[in-house]
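Participant: Supplied in structure tokens, the structure appears directly below.
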Amino acid sequence: TAHAITALGLQPAPKPILVTAYGREEVVQGAQAAGIEDLLVKPVNASVLFNAMMSAMGRKRVRDEDALDTQAVALAMDTLAMRGGARILLVEDNEFNQQVACELLHDTGFVVEIADNGQRAIDLVAHSHQTAQSYDLVLMDMQMPVMDGISATRLLRQDPRNASLPIVAMTANAMAMDRQRCLDAGMNAFVAKPIEPQELWQALAHWIAPRSGLGGVPVAAPLVVPPVVPAMAGGLAGLRGFPGLDVDLGLRRIMGKQALYLDFLQKFAIGQAGAVAEILVSLEQDDYAAAERLAHTLKGTAGNIGATALQDSAAQLERALYRQEPLPDVQALAERTAQLLDPLVVTITQRLPAPAGAPLADSTEPIDPERAQALCEELIRLLGDDDADSSELLHRHAATFKQMLPDVFDSVQSAVASYDFEAALDLLQRVR
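Residue 422 in the numbering used here sits at position 432 of the sequence shown; the count goes up by one each step and never skips.
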């Protein structure tokens, strides 16, 4: 029926949503072949139906529990306070997404290890059983090189030792069919990317089981946005009026850390400036899979910084590449995406004070020995606590630290950026 309706060539074309009692792979593939972007698996409640309709019409998804969000988040934070110290395996190949997730998880008092593909995750989980240091939860990305999250989850579930291991999918694909694939593979739940802190906390509070040794680790308070640092205010103010960039949304997703957000923006401008050009080169080489991965990365990183219009355009391009739609149609979507990406990159480059890694503050101030010593002690304390705030402190006072630690500054900065706090602490203690 969907094929026949599409063949009518109606303008505007109606949006098909498939409702089925089956979540099997052949149903999913058949729906995608018919151009159906949304699939509902019965039983369907009113909220799920409404969200699917809003999504199909390109509107913001609305949840009937929004009125209870504040209370639910507060309850989740109370629960997480009793789960501090839990061990989480983050399975994610994109460094940008790794940094976002690690910031949130470290702030919430968790011990985090990273695997950059599904095979590496399987190896780490097996090793954790051998060392009697099992993970309390796995956060699993769906799309990764070497082995994707669906395949990795299926293999993990084949080991009886992982029967009760909570696996929560992280997916940028909000379609019901993708989420059903996660559940069919053995995942317990999913959180959407770009990650919303409140949604992540509620998932962790629900799925991390209590055990001896957990609790007593400070948990970041929800919904508290620190004041803008004066040295950064100019950069943020210069970006707030840019169409398609929601600065407040980007800040909320990383707990209001202005220095980190500016760093993300700068990394985005450097890392994604040529994304559309790379996609077009891949298309010239008839490599739709590589082009799709590039569009997927652009979509995710745009969402993380709050570039919602670009995120939506990249999502449409990714979908067209997945379906291998006619080349002229894909090229048109790529051009539309470039028209959103290029001005954003230029604006970020022009309006932010310095490239990534350069000091954002006190770059011309002489060192005050007492102040410098206090900053160093604070950095050592944060690193000793595995606190991700060490990244913001190091970034904000980069000029001071660089003058204090000329021989090891670059190594310390690199270690902190990789969340290897132990290595950074060791370097600092050697030169003190």
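Positions of the beta carbon are idealized from the N, C-alpha and C atoms, including for glycine. Bear in mind that the values here come from a model prediction, so they are computed numbers and not experimental data.
Thinking C-alpha only, which one of MET132, ASN294 and LEU250 is nearest GLY234?
Facilitator: Taking the first residue of the sequence shown as position 1, residue 234 is located at position 244. That would be ASN294, whose Cα lies nearest to the Cα of GLY234.
Participant: Secondary structure at ASP131, three-state DSSP: helix, strand or coil?
Facilitator: In the sequence shown, residue 131 corresponds to position 141, counting from 1. Of the three classes helix, strand and coil, the one that applies to ASP131 here is strand, per DSSP.
Participant: Extract the residue ranges of the alpha helix (DSSP H) inside the region 79 to 116, only unbroken runs of 4 or more that lie entirely within it.
Facilitator: You should have 85 to 97.
Participant: Is LEU8 near ILE(-5), with beta carbons less than 7 Å apart?
Facilitator: Here residue 8 is taken as the residue at index 18 of the sequence shown, counted from 1. Here residue -5 is taken as the residue at index 5 of the sequence shown, counted from 1. No. Outside cutoff.
Participant: Tell me the rounded alpha-carbon separation between MET160 and GLU360.
Facilitator: Residue 160 sits at position 170 when you count from the first residue of the sequence shown. Residue 360 sits at position 370 when you count from the first residue of the sequence shown. So the alpha carbons of these two residues sit roughly 45 Å apart.
Participant: Give the secondary structure of VAL421 by DSSP, where H, G and I count as helix, E and B as strand, and everything else as coil.
Facilitator: The residue you call residue 421 lines up with position 431 of the sequence shown. Here VAL421 sits in helix by DSSP.
Participant: Quick check: the region 365 to 380 against the region 298 to 318, are at least 3 beta-carbon pairs closer than 8 Å?
Facilitator: With the cut-off at 8 Å, the region 298 to 318 and the region 365 to 380 do not touch.
Participant: Report buried or exposed for MET44, applying the criterion of at least 16 other Cβ atoms within 10 angstroms of its Cβ.
Facilitator: Within the sequence shown, residue 44 is the residue found at index 54, counting from 1. Classification of MET44: exposed, given that the 10 Å Cβ count is below 16.
Participant: Buried or exposed: which applies to ALA153, given that a residue is buried once 16 or more other Cβ atoms fall within 10 Å of its Cβ?
Facilitator: Position 163 of the sequence shown, counting from 1, holds the residue named residue 153. Flag for ALA153 reads exposed.
Participant: On a CA-only basis, which of ALA281, LEU365 and HIS117 is nearest MET394? Give me that one, please.
Facilitator: Against the sequence shown, residue 394 aligns to sequence position 404. Comparing Cα positions, the closest option is LEU365.
Participant: Is VAL398 near the ligand NAD, with its Cβ less than 6 Å from a heavy atom?
Facilitator: This structure simply doesn't include the ligand NAD, nor any ligand for that matter.
Participant: Suppose contacts are defined by Cβ-Cβ distances below 7 Å. Is SER380 in contact with VAL406 by that definition?
Facilitator: For the purposes of this step, residue 380 is taken as the residue at position 390 of the sequence shown. For the purposes of this step, residue 406 is taken as the residue at position 416 of the sequence shown. In this structure, VAL406 lies closer than 7 Å to SER380 by Cβ.
Participant: Taking just the CA atoms, how far does PHE180 sit from LYS257?
Facilitator: Translated into the one-based positions of the sequence shown, residue 257 becomes position 267. Translated into the one-based positions of the sequence shown, residue 180 becomes position 190. Near 27 Å, if we compare the C-alpha coordinates of PHE180 and LYS257.
Participant: Could you tell me the boundaries of the beta strand (DSSP E) in which LEU8 lies?
Facilitator: On the sequence shown, position 18 is the one that residue 8 refers to. First-last of the beta strand (DSSP E) with LEU8: 7 to 10.
Participant: From LEU255, LEU415, LEU330 and ILE198, pick the residue whose C-alpha is nearest to that of MET72; which is it?
Facilitator: In the sequence shown, counting from the first residue as 1, residue 72 sits at position 82. Among LEU255, LEU415, LEU330 and ILE198, the Cα nearest to that of MET72 belongs to ILE198.
Participant: Which residues in the same chain as ASP352 place their Cβ atom closer than 7 Å to its Cβ, once the five residues preceding and following it in sequence are excluded?
Facilitator: For this step, residue 352 is matched to residue 362 along the sequence shown. Confidence in ASP352 is poor, its pLDDT being 42 and thus under 50, which makes the residue's placement unreliable; the coordinate value appears in the next sentence. The residues are HIS387, ALA389 and THR390.
Participant: Tell me the rounded alpha-carbon separation between LYS183 and ASP131.
Facilitator: Translated into the one-based positions of the sequence shown, residue 183 becomes position 193. Translated into the one-based positions of the sequence shown, residue 131 becomes position 141. Spanning the two alpha carbons is a distance of roughly 9 Å.
Participant: So LEU79 and ALA105 are supposed to be a Cβ contact under 8 Å. How far apart are they, rounded?
Facilitator: Here residue 79 corresponds to residue number 89 of the sequence shown, with the count starting at 1. Here residue 105 corresponds to residue number 115 of the sequence shown, with the count starting at 1. Confirmed, Cβ separation roughly 6 Å.
Participant: Mind checking VAL158: buried by the 16 CB within 10 Å criterion, or exposed?
Facilitator: For the purposes of this step, residue 158 is taken as residue 168 along the sequence shown, with counting starting at 1. It counts as buried.
Participant: What number of angstroms, rounded off, separates the C-alpha of GLN419 from the C-alpha of GLY374?
Facilitator: In the sequence shown, the residue the question calls residue 419 occupies position 429. In the sequence shown, the residue the question calls residue 374 occupies position 384. Roughly 11 Å separates the two Cα atoms.
Participant: Mark LEU29 as exposed unless 16 or more other C-beta atoms lie within 10 angstroms of its C-beta, in which case mark it buried.
Facilitator: What you label residue 29 is simply residue 39 of the sequence shown in a count that begins at 1. That one is buried.
Participant: Tell me which residue opens and which closes the alpha helix (DSSP H) that VAL181 is part of.
Facilitator: As a working note, residue 181 is residue 191 in the sequence shown. Run containing VAL181: none in the alpha helix (DSSP H); it sits in the beta strand (DSSP E), 179 to 182.
Participant: Here's a check: name, in chain order, each residue in its chain whose Cβ is nearer than 6 Å to the Cβ of PRO156, leaving out the five neighbours to either side.
Facilitator: Within the sequence shown, numbered from 1, the residue matching residue 156 stands at position 166. Within the same chain, PRO156 has close Cβ partners LEU127, ASN178 and TRP197.
Participant: Which of helix, strand or coil does DSSP assign to VAL335?
Facilitator: Here residue 335 refers to the residue found at position 345 when the sequence shown is read from its first residue. Helix.
Participant: Measure the beta-carbon distance from ARG77 to VAL115 and round it to whole angstroms, keeping in mind my assumption that it falls under 8 Å.
Facilitator: The count along the sequence shown starts at 1 and reaches residue 77 at position 87. The count along the sequence shown starts at 1 and reaches residue 115 at position 125. 11 Å between Cβ atoms; not a contact.
Participant: How many angstroms separate the CA atom of LEU330 from the CA atom of ASP68?
Facilitator: What you label residue 330 is simply residue 340 of the sequence shown in a count that begins at 1. What you label residue 68 is simply residue 78 of the sequence shown in a count that begins at 1. Going from the Cα of LEU330 to the Cα of ASP68 covers about 41 Å.
Participant: Report the residue from GLN148, ASP113 and GLU82 whose alpha carbon sits nearest the alpha carbon of GLY139.
Facilitator: Taking the sequence shown and counting its residues from 1, one reaches residue 139 at position 149. Per the Cα distances, GLU82.
Participant: Ends of the alpha helix (DSSP H) at ILE157?
Facilitator: Position 167 of the sequence shown, counted from the first residue, corresponds to residue 157. Where ILE157 is concerned, there is no enclosing alpha helix (DSSP H), although the beta strand (DSSP E) it sits in stretches over 157 to 161.
Participant: Can you tell which of HIS119, ALA175, ARG144 and ALA142 has its C-alpha closest to the C-alpha of ARG151?
Facilitator: Counting from one through the sequence shown, the residue named residue 151 turns up at place 161. Considering only alpha carbons, the answer is HIS119.
Participant: At 4 residues or longer, what runs of the alpha helix (DSSP H) sit wholly inside the region 274 to 333?
Facilitator: Segments of the alpha helix (DSSP H) lying fully in the region 274 to 333: 278 to 295 and 298 to 313.
Participant: So what does ARG77 bridge to, in DSSP terms?
Facilitator: Against the sequence shown, residue 77 aligns to sequence position 87. In the DSSP output, where bridge partners are listed per residue, ARG77 has VAL101.
Participant: When you compare each of ASP168, GLY99 and LEU239 to LEU204 by their alpha carbons, which one comes out closest?
Facilitator: Translated into positions along the sequence shown, residue 204 becomes position 214. It is GLY99.
Participant: Looking at C-alpha atoms only, which residue of THR287, TRP191 and ALA259 is the closest neighbour of ILE269?
Facilitator: The sequence position of residue 269 within the sequence shown is 279, counting from 1. Checked all of THR287, TRP191 and ALA259; the closest Cα to ILE269 is THR287.
Participant: Which word fits ASP332, buried or exposed, when buried means at least 16 other C-beta atoms lie within 10 angstroms of its C-beta?
Facilitator: The count along the sequence shown starts at 1 and reaches residue 332 at position 342. Its Cβ having fewer than 16 others within 10 Å, ASP332 is exposed.
Participant: What residue range does the alpha helix (DSSP H) around THR143 cover?
Facilitator: Counted from its first residue, the sequence shown places residue 143 at position 153. First-last of the alpha helix (DSSP H) with THR143: 139 to 147.
Participant: Please list, in chain order, all residues of the same chain as LEU190 whose beta carbon is under 7 Å from its beta carbon, the five residues on each side excluded.
Facilitator: By one-based count along the sequence shown, residue 190 stands at place 200. Within the same chain, LEU190 has close Cβ partners LEU94 and VAL181.
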